[in-house]
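Start counting the sequence shown at 182; every next residue gets the next number (this note's numbering).
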Amino acid sequence: PQQREAHGQNQSNMHLAAMLRLAQAGPRRVSRYTDRQRVLVLGDGDFSFSLSLASSVGGSNLVCTSLDKKTQAQVKYGQGVAATLHAIEGMGATVHHQVDATKLSECQAIGKKKFDRIIFNFPDLTEVKINEETTGTATTEPLAQILESAQGVLQRPGGEVHVTVRSRDLTAMGKGVKDAAAAHGMECCEVSQFEASDFMGYKPRHTFPNSPKAISLLPAKLLVFRLLAPDAAKRKHAEKEKAREEEGVDSDDSDDEDEEE
Numbered sequence: 182p183q184q185r186e187a188h189g190q191n192q193s194n195m196h197l198a199a200m201l202r203l204a205q206a207g208p209r210r211v212s213r214y215t216d217r218q219r220v221l222v223l224g225d226g227d228f229s230f231s232l233s234l235a236s237s238v239g240g241s242n243l244v245c246t247s248l249d250k251k252t253q254a255q256v257k258y259g260q261g262v263a264a265t266l267h268a269i270e271g272m273g274a275t276v277h278h279q280v281d282a283t284k285l286s287e288c289q290a291i292g293k294k295k296f297d298r299i300i301f302n303f304p305d306l307t308e309v310k311i312n313e314e315t316t317g318t319a320t321t322e323p324l325a326q327i328l329e330s331a332q333g334v335l336q337r338p339g340g341e342v343h344v345t346v347r348s349r350d351l352t353a354m355g356k357g358v359k360d361a362a363a364a365h366g367m368e369c370c371e372v373s374q375f376e377a378s379d380f381m382g383y384k385p386r387h388t389f390p391n392s393p394k395a396i397s398l399l400p401a402k403l404l405v406f407r408l409l410a411p412d413a414a415k416r417k418h419a420e421k422e423k424a425r426e427e428e429g430v431d432s433d434d435s436d437d438e439d440e441e442e
């Protein structure tokens, strides 16, 4: 209880500090985000990232979402979530719960809005769960679903999807990341170190934070995806299909040689 009270007090202090910063004139920025960009935050469990973002750039162009119901978020992350949400909305941001990042086209709350930046920090990239514990290796299928879904609400041209993943998960997915992007008319144009410390008050948290087996989400990498121009997307797809065909021919030739021997 004392920890939760302290957390709530910290959020209140952040809110006051944010209001002082927002009262200052001039453009506002944190990391690679500005007050002029329309930003959609996906899957923000305790909304601490959204609070940090709103505190730095304001909330007028910010839409913050989570997959959980509001009550579920409070059970998972503590009653401090209520104070966080109050602070975010007080800065003009919009908050929506029960938003599936892989089905944004079905979300009436988002509707036909378009965003310059879509952010998803630490999506669950594994598909097998046993008693709320993630098992197995990260796969690219959930990432591909997120990118496909984001296309419908991404501003063209110039829109970007920013996905942060654990470094170990990126290693596990390998070149599959680029393939997943290409399959949906996008490209992974940047991979860089994710600096959580850039966002004041933000602490990456596990989907099940109270689990005794929860592992650290850091170090992590930021993946930046951009939409390809229609012609470029077609060309990339054609190149990929040609490469597959050539691989198939090489494989057949090898089999023929084996049979002759």
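Backbone N, C-alpha and C fix where the C-beta goes; we use that ideal spot for every residue, glycine too.
So, at 8 Å on beta carbons, what are the nonlocal neighbours of residue i in its own chain, with the 5 sequence-adjacent residues on each side left out?
i	result
Glu-371	Leu-403, Leu-404 and Val-405
Asp-360	Thr-321 and Lys-421
Assign residue i to one of two classes, buried (16 or more other C-beta atoms within 10 Å of its C-beta) or exposed (fewer than that).
i	result
Pro-400	exposed
Ser-241	exposed
Thr-220	Reading the sequence as shown, one finds Val at residue 220 and not Thr. Burial call: buried.
Gly-261	buried
Gly-226	buried
Ala-410	exposed
His-365	buried
On a CA-only basis, which of the options is nearest residue i? Give me that one, please.
i	options	result
Leu-223	His-278, Asp-360, Arg-386 and Glu-420	His-278
Leu-248	Asp-305, Ile-396 and Pro-393	Asp-305
Cys-369	Thr-215, Pro-393, Pro-390 and Gly-340	Gly-340
Gly-259	Pro-390, Lys-384 and Pro-323	Pro-390
His-387	Met-381, Val-346, Ser-373 and Lys-250	Val-346
His-343	Lys-294, Thr-352 and Gln-374	Gln-374
Phe-301	Val-280, Lys-293 and Gln-289	Val-280
Gly-292	Val-334, Ser-392, Met-354 and Ala-362	Val-334
Looking at the strands, I want to know which residues DSSP matches up with residue i.
i	result
Ala-401	Arg-347
Tyr-383	Answer is none; Tyr-383 lacks a bridge partner.
Glu-341	Arg-298 and Arg-407
Val-211	Tyr-214
His-277	Thr-246
Val-220	Leu-243 and Arg-298
Glu-371	Val-405
Leu-335	Phe-296
Got a sec: does the ligand SAH put a non-hydrogen atom nearer than 7 Å to the Cβ of residue i?
i	result
Ala-424	What this structure holds is no ligand at all, so the ligand SAH is not there to describe.
Excluding five sequence neighbours on each side, which residues of the same chain lie with their C-beta closer than 7 Å to the C-beta of residue i?
i	result
Asp-350	Leu-306 and Ala-319
Ser-348	Pro-400, Ala-401 and Lys-402
Have a look at residue i and residue j and give me their C-alpha separation to the nearest angstrom.
i	j	result
Glu-426	Glu-420	10 Å
Gly-429	Val-276	49 Å
Lys-423	Ser-286	32 Å
Gln-253	Ala-263	11 Å
Gly-382	Phe-230	8 Å
Ser-237	Arg-209	7 Å
Ala-444	Tyr-214	Not covered by the structure: residue 444. The range shown for the chain is 182 to 442.
Lys-294	Lys-250	22 Å
Val-211	Ile-269	16 Å
Asp-297	Gln-218	6 Å
Might you give, ordered along the chain, the residues of its own chain that have their beta carbon closer than 6 Å to the beta carbon of residue i, omitting 5 neighbours on each side?
i	result
Ala-274	Ala-235, Gly-240, Leu-243 and Cys-245
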